[in-house]
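Peer 1: Sharing a structure here in structure tokens format.
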């Protein structure tokens, strides 16, 4: 009917609940902050609980810098690709669903994200409870320099701009012009660890938005102003597989590579930054080529495109 592929009526309850959980996760990430702001507004002006929201607002102001302070050495995990919602990185480093503590004993992950997310009520508490921190230079510098070590700062290097390249089977990343993280690693002598989530880009497609189109123009300007890419996702729905905002049921394999040692240089020159950047790029490419045969269906046709 209308070329819509419907889910079988006899789908097991467990799979239905998994679909519901994925939908709740998407809504929380995409609209949680806005919904919570609306709830705070209603509680403040239309109920007798206005005093509670004022107290919470005062607490947020008092606690506003917590996102910047997020044994063993400290590491900088450089994750690719961003995909639509960084599902692989979130599941691997912001939760214990995949057993990070068991795989990396003594190491505490901190998935960094935009500082603006920590200004939104309620959702900021969810982010902090997952160990997330701001992606500002101040926050990352604090984590990388913590005495005693044992902290893994997880950075989605391509950022929101990379989500425009999210297409099934495509591994197109933004790295060539991203050098700030290299400078931070040099300042603190922090090893760089490549991380690739194979299958990340298969979870969603998106409405066609080629460069130069009016839609892409609007999306680019919105991202530059608000820091969020307003992608129109093409996933699946609750009872059909053809469209919707729920991620498609595809496996995502997050693979952590070998650390690349970085010499500590308090005030690195541009040339030193460029040299380490090139070395990391080569390290990432070699890692991708070595691992892709295990996790993608057509490894011969799959390449890592670097912008």
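In the numbering used here, the protein residues as written are 48 to 354. Ideal placement from N, C-alpha and C gives every residue a C-beta, glycine not left out.
(1) What is the rounded straight-line gap between the Cα of residue 219 and the Cα of residue 164?
(2) Expressed to the nearest angstrom, what Euclidean distance is found between the alpha-carbon atoms of residue 240 and residue 140?
(3) Using C-beta distances below 8 Å, list every residue in its chain close to residue 276, excluding the 5 sequence neighbours before and after it, in chain order.
(4) What does DSSP give as the partner residue(s) for residue 307 in the beta ladder?
(5) Quick one: Cα of residue 202 to Cα of residue 326, how far?
(6) What is the rounded straight-line gap between the Cα of residue 111 and the Cα of residue 190?
(7) At least one CB of chain E closer than 7 Å to the CB of residue 243: is that the case?
(8) Under the three-state reduction of DSSP, which class applies to residue 189: helix, strand or coil?
(9) Does DSSP classify residue 117 as helix, strand or coil?
(10) Along the beta strand (DSSP E) that carries residue 58, what are the first and last residues, could you check?
(11) Looking at C-beta atoms only, is the number of pairs between the region 333–344 and the region 295–304 that lie closer than 8 Å three or more?
(12) Nearest by alpha-carbon distance to residue 169: which of 50, 264, 87, 263 is it?
(13) Cβ atoms of residue 290 and residue 342: under 7 Å apart, would you say?
(14) Roughly how many angstroms separate the alpha carbons of residue 103 and residue 109, rounded to a whole number?
(15) Report yes if the C-beta of residue 203 is less than 6 Å from at least one heavy atom of the ligand MN; otherwise report no.
(16) By how many angstroms is the C-alpha of residue 174 removed from the C-alpha of residue 157?
Peer 2: From the atom records:
(1) Your numbering for residue 219 matches position 172 in the chain shown. Your numbering for residue 164 matches position 117 in the chain shown. Cα-Cα distance, rounded: 26 Å.
(2) As a working note, residue 240 is residue 193 in the chain shown. As a working note, residue 140 is residue 93 in the chain shown. Going from the Cα of residue 240 to the Cα of residue 140 covers about 14 Å.
(3) Here residue 276 refers to the residue found at position 229 when the chain shown is read from its first residue. If we look at residue 276 and ignore the five residues flanking it on each side, its Cβ neighbours are 207, 208, 210, 211, 266, 269, 270.
(4) Against the chain shown, residue 307 aligns to sequence position 260. Beta-bridge pairing links residue 307 to 239.
(5) Looking up residue 202 in the chain shown gives position 155. Looking up residue 326 in the chain shown gives position 279. Spanning the two alpha carbons is a distance of roughly 18 Å.
(6) Position 64 of the chain shown, counting from 1, holds the residue named residue 111. Position 143 of the chain shown, counting from 1, holds the residue named residue 190. Distance between the alpha carbons of residue 111 and residue 190 is about 17 Å.
(7) Among the chains in the structure shown there is no chain E, since it carries only a single protein chain.
(8) For the purposes of this step, residue 189 is taken as residue 142 along the chain shown, with counting starting at 1. In this structure, residue 189 counts as helix in the three-state DSSP scheme.
(9) As a working note, residue 117 is residue 70 in the chain shown. Because the pLDDT of residue 117 is 44, which lies under 50, any placement of that residue in the model is unreliable, and the question is left without a value.
(10) As a working note, residue 58 is residue 11 in the chain shown. No residue range can be given for residue 58, since it is assigned to no beta strand (DSSP E) and is classified by DSSP as neither H nor E.
(11) yes
(12) On the chain shown, residue 169 is found 122 positions in, with the first residue counted as 1. Looking at the Cα atoms, 87 is the closest of the given residues.
(13) Locating residue 342 in the chain shown gives position 295, where the first residue counts as 1. Locating residue 290 in the chain shown gives position 243, where the first residue counts as 1. Cβ atoms of residue 342 and residue 290: not closer than 7 Å.
(14) Indexing the chain shown from 1 puts residue 103 at position 56. Indexing the chain shown from 1 puts residue 109 at position 62. Approximately 10 Å between the Cα atoms of the pair.
(15) This structure does not include the ligand MN; it has no bound ligands of any sort.
(16) Reading the chain shown from its first residue, position 110 is the one you call residue 157. Reading the chain shown from its first residue, position 127 is the one you call residue 174. If you draw a straight line from the Cα of residue 157 to the Cα of residue 174, it is about 10 Å long.
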